[in-house]
Each structure stands twice: as structure tokens, then as C-alpha cells.
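Structure record follows, encoded as C-alpha cells.
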Amino acid sequence: MRNQNPQPGSRYKDSHGAVVTVERVEHNRVTFYREGYQSPCVQPLERFVNEFVEVRRDTE
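Heads up, the sequence shown stops at 60 in this note's numbering, and the numbers go up one at a time, no gaps.
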């Protein structure tokens, strides 16, 4: 089962293992921060859901 819509504050990993934290979800866009970066990143919701996997708090 793939991710459902991400929620603010939730953490995800990309295919390279980089962890991101979702800041907000608006319309069809997800704004998130990559660890170690100051500037936010924005991706379409569909792409984010396909490319990121949620990190559970007990598996970080």
C-alpha cells in the first residue's frame, strides 16, 4: 500500500535514504524540508506520494 496524503510534521525518506519533514500540503503540492537544508522544497502531491515512503517514529 502506498502513502496516503502526507500530514504536516510527518517524516519521509526518498529512494536515496534522505529524510524530509512535511511542512504543509496545499491543493496538489507538498512543501517539505530536507535535513540539512534551510530552504523548503515543493513537489506535486502525486510525485511526492510515489517517490517518498513514510518513516515511522519507531523505525528511524
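We put the CB at the ideal spot given by N, CA and C, even for glycine.
Open item on the list: Beta-carbon within less than 6 Å of L45's beta-carbon, same chain only, minus the 5 sequence neighbours each way: which residues are those?
Closed with: The count along the sequence shown starts at 1 and reaches residue 45 at position 45. The residues are N28, V30.
Task: Per DSSP, the bridge partner or partners of F32 - done: Along the sequence shown, read from residue 1 onward, the residue named residue 32 stands at position 32. According to DSSP, F32 bridges with V22, C41.
Task: Those residues which DSSP pairs with V53 across a bridge - done: The sequence position of residue 53 within the sequence shown is 53, counting from 1. DSSP, once it has assigned bridges, lists K13 as partnering V53.
TODO: Buried or exposed for V22, please, with buried defined as at least 16 other CB atoms from any protein chain shown within 10 angstroms of its CB.
DONE: As a first step, residue 22 must be located in the sequence shown, where it is residue number 22. Buried is the call here.
TODO: With a threshold of 16 other CB atoms inside 10 Å of the CB of V20, please say whether the residue is buried or exposed.
DONE: Here the question's residue 20 lines up with position 20 in the sequence shown. Buried is the call here.
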